[in-house]
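Engineer:
There are 2 protein chains.
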Amino acid sequence: MGRRKIAIARVRDPVIRQVTFSKRRTGLFKKANELAILCGAEIAIVVFSPGNKPYSFGHPNVDDVASKFLEEEPILDDGIGSSSFEVPNREDLNQQLEDVLAELKEAENEARAHDEILEEYKRTELTQLEELKDSYGKFKEMVKSRLSDLETTESMLLLAEKPVVGTKNKVPRKKGKQPML
Amino acid sequence: MGRRKIAIARVRDPVIRQVTFSKRRTGLFKKANELAILCGAEIAIVVFSPGNKPYSFGHPNVDDVASKFLEEEPILDDGIGSSSFEVPNREDLNQQLEDVLAELKEAENEARAHDEILEEYKRTELTQLEELKDSYGKFKEMVKSRLSDLETTESMLLLAEKPVVGTKNKVPRKKGKQPML
DNA sequence: AACTATGTATAAAA
DNA sequence: TTTTATACATAGTT
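Protein chains in written order, with this note's numbering: chain A, 43 to 223; chain B, 43 to 223.
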């Protein structure tokens with residue numbers, strides 16, 4: 043929702059993560075408030091920041107909504123540890139845990155590698171693109187100045203003016219006149 | 043946020059109100075999930091619909107976050123100083139396993155999301171780059187043909203020949219001859 | 001701690 | 001439902 047799309051995955055940089063948290067918590071609470079008012083709904087939110095600070099929002103207030111919810115809670119079996127199945131013994135669990143930890147480590151390595159690739163990509167491609175745009179602009183400038191005292195065809199002027207691609211003005215054209223000998 | 047702007051005030055029509063509730067509850071929970079994953083935040087939401095049906099979202103789950111909040115835990119015992127050679131019991135192992143499985147799933151999601159972004163990146167940036175190069179080439183061709191019977195300065199020829207950037211030839215130049223009117 | 005280009009959520013319509 | 005046009009949230013930037 044910003045300048046770039048981001049993957050929904052833990053933000054690595056702690057500073058960015060905190061900033062993201064602040065912005066998004068604000069947004070979330072705003073949405074919650076709108077929901078409550080628009081629909082006459084009761085709502086409670088509690089959230090702990092990356093630094094483990096608690097924040098809360100409630101309409102009409104956290105405690106009332108929370109108790110109401112807890113009271114009419116019939117069974118809270120989320121099914122994960124369903125009792126009807128065989129309970130694994132400790133050795134099995136240890137083995138599983140080790141296996142999964144190994145997998146996790148691998149996946150994290152992969153993710154890091156992908157990050158690096160993406161960064162590299164951004165650097166090279168964007169740099170190339172910007173330099174090319176810049177060079178293109180300079181070239182056009184020079185040509186125009188060279189041709190200024192000659193007749194110029196309509197098609198040339200057209201081509202020289204249109205910035206070419208569907209570029210959304212990421213790189214503003216420089217207006218400066220360069221000597222270029 | 044839709045076709046029209048709406049005032050934040052109780053929606054009169056009960057049908058619309060219920061529809062609005064459904065859409066916005068979905069959106070809110072999605073945002074909450076993103077916040078939790080992006081920032082590693084714990085979060086719990088409970089909300090009652092206009093028809094007083096309860097809905098909840100929790101990461102890792104509603105009850106843990108709620109109790110943590112209610113207890114206002116100062117986080118005293120993080121285990122650093124405790125009797126450190128205890129053999130973990132089965133519940134601990136189960137918990138660990140679940141935690142790690144969750145992490146693993148997350149890491150896999152992350153990898154997939156990054157792949158998508160990288161692909162998207164390749165598509166947009168490379169397309170732009172290619173179009174720009176192509177257009178640049180055409181422009182140079184045209185200028186050269188227009189100038190063929192005029193004197194051309196050394197610097198212009200130089201600029202016209204050099205492909206500009208330190209491009210690693212990921213995108214081969216097209217050799218085709220274009221009519222150009 | 002503000003801005004703004006861009007991605008998302010969603011009010012209406014179909 | 002699903003789609004579409006618009007308002008909004010926010011990632012990256014200064």
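Each residue gets a CB set at the ideal place from its N, CA and C atoms; glycine is no exception.
These numbers were taken from a predicted model, which means no experiment stands behind them.
(1) Note down, in chain order, every chain A residue with its Cβ under 8 Å from the Cβ of LYS73(B).
(2) Less than 8 Å between CB atoms is the rule here; does GLY44(A) satisfy it with respect to chain B?
(3) Quick check on this structure: which residue in ARG45(B), LYS95(B) and VAL89(B) has the alpha carbon closest to the alpha carbon of ALA108(A)?
(4) Which residues of chain A have a Cβ atom closer than 7 Å to the Cβ of SER91(B), listed in chain order?
(5) Roughly how many angstroms lie between the CA atoms of ASP105(A) and ILE50(A), to the nearest whole one?
(6) According to the Cβ coordinates, are VAL71(A) and PHE111(A) closer than 8 Å?
(7) Could you check what DSSP says for PRO92(A) in three-state terms: helix, strand or coil?
(8) Inspect the CB distances between the region 72 to 79 of chain A and the region 57 to 74 of chain B and report whether three or more fall short of 8 Å.
(9) Can you find the residues in the same chain that come closer than 8 Å, C-beta to C-beta, to ILE85(A), ignoring five residues on each side of it along the sequence?
(10) Indicate the three-state DSSP secondary structure (helix, strand or coil) for ASP55(B) in the structure shown.
(11) Taking 8 Å as the CB-CB limit, is ASP120(B) close to chain A?
(12) What whole-angstrom Cβ distance do PHE63(A) and PRO92(A) have, given they're in contact under 8 Å?
(13) Under 8 Å between C-beta atoms, does ARG54(B) make it to chain A?
(14) Give a yes or no on whether 8 Å exceeds the smallest Cβ distance from SER98(A) to chain B.
(15) According to DSSP, what are the bridge partners of GLY100(A)?
(16) For the candidate residues ALA83(A), GLU114(A) and LYS65(A), whose alpha-carbon lies nearest to that of GLY44(A)?
(17) Spatial neighbours of PRO56(A) within its chain, please: C-beta separation below 8 Å, excluding the five flanking residues on both sides.
(18) Under 8 Å between C-beta atoms, does VAL88(B) make it to chain A?
(19) Report yes or no: is there a C-beta of chain A within less than 8 Å of the C-beta of VAL57(B)?
(20) Smallest Cα separation from ALA83(B): which of CYS81(A), ARG52(A), GLY82(A) and ARG46(A)?
(21) Please state whether DSSP places GLY44(A) in a helix, a strand or coil.
(22) Output the distance between the C-alpha atoms of ILE58(B) and GLU113(A), rounded to the nearest integer angstrom.
(23) Are there 16 or more other CB atoms within 10 angstroms of the CB of ILE87(A), so buried, or fewer, so exposed?
(24) Interface residues of chain B around GLU76(A) at Cβ under 8 Å?
(25) Counting only Cβ pairs nearer than 8 Å, list the residues of chain B close to GLU113(A).
(26) Identify whether ILE50(A) lies in helix, strand or coil by the three-state DSSP scheme.
(27) Out of GLU115(A), CYS81(A), ASN103(A) and GLN60(A), point me to the one whose CA is closest to ASN94(A)'s CA.
(28) Helix, strand or coil for GLU115(A) per DSSP?
Structural biologist: Here's the rundown:
(1) Simply ARG66, GLY69, LEU70 and LYS73.
(2) Under the 8 Å criterion on CB atoms, GLY44(A) is classed as non-interfacial with respect to chain B.
(3) In this structure, VAL89(B) is the residue among ARG45(B), LYS95(B) and VAL89(B) with its C-alpha nearest to the C-alpha of ALA108(A).
(4) Within chain A, the residues near SER91(B) are ALA83.
(5) Those two C-alpha atoms are separated by around 31 Å.
(6) It should be pointed out that residue 71(A) corresponds to Phe in this sequence rather than to Val. Between PHE71(A) and PHE111(A), the gap from beta carbon to beta carbon reaches 8 Å or more.
(7) In the three-state reduction of the DSSP assignment, PRO92(A) falls in the coil class.
(8) Judged by Cβ distances under 8 Å, the region 72 to 79 of chain A makes contact with the region 57 to 74 of chain B, as three or more pairs qualify.
(9) Excluding residues within five positions, the ones whose Cβ falls inside 8 Å are ALA74, LEU77, ALA78, PHE99, GLY100, HIS101 and VAL107.
(10) When secondary structure is reduced to three states using DSSP, ASP55(B) falls in the coil class, being assigned neither helix nor strand.
(11) Residue confidence for ASP120(B) is low, a pLDDT of 42 falling below 50, so the modelled location carries little weight and cannot support an answer.
(12) 6 Å between Cβ atoms; contact.
(13) Chain A, which has no Cβ nearer than 8 Å to the Cβ of ARG54(B), makes this no.
(14) Answer yes: the Cβ-Cβ gap between SER98(A) and chain B drops below 8 Å somewhere.
(15) Paired residue(s): ALA86(A).
(16) Here the closest residue by C-alpha is LYS65(A).
(17) Within the same chain, and ignoring the five residues on either side of PRO56(A) in sequence, the residues whose Cβ sits closer than 8 Å to its Cβ are PRO92.
(18) Closer than 8 Å to some Cβ of chain A, the Cβ of VAL88(B) qualifies, so yes.
(19) Chain A contact via Cβ: absent.
(20) Of the listed residues, the one whose Cα sits closest to ALA83(B) is ARG52(A).
(21) If DSSP states are grouped into helix, strand and coil, GLY44(A) belongs with coil.
(22) Each residue's CA atom was taken as its position, placing ILE58(B) and GLU113(A) some 29 Å apart.
(23) Its Cβ being crowded by 16 or more others within 10 Å, ILE87(A) is buried.
(24) Chain B residues near GLU76(A): ILE50 and ARG66.
(25) Going along chain B, no residue has its Cβ under 8 Å from GLU113(A), so there is no contact; the nearest lies around 10 Å.
(26) Coil.
(27) The candidate whose alpha carbon is nearest that of ASN94(A) is GLN60(A).
(28) It is coil, neither helix nor strand.
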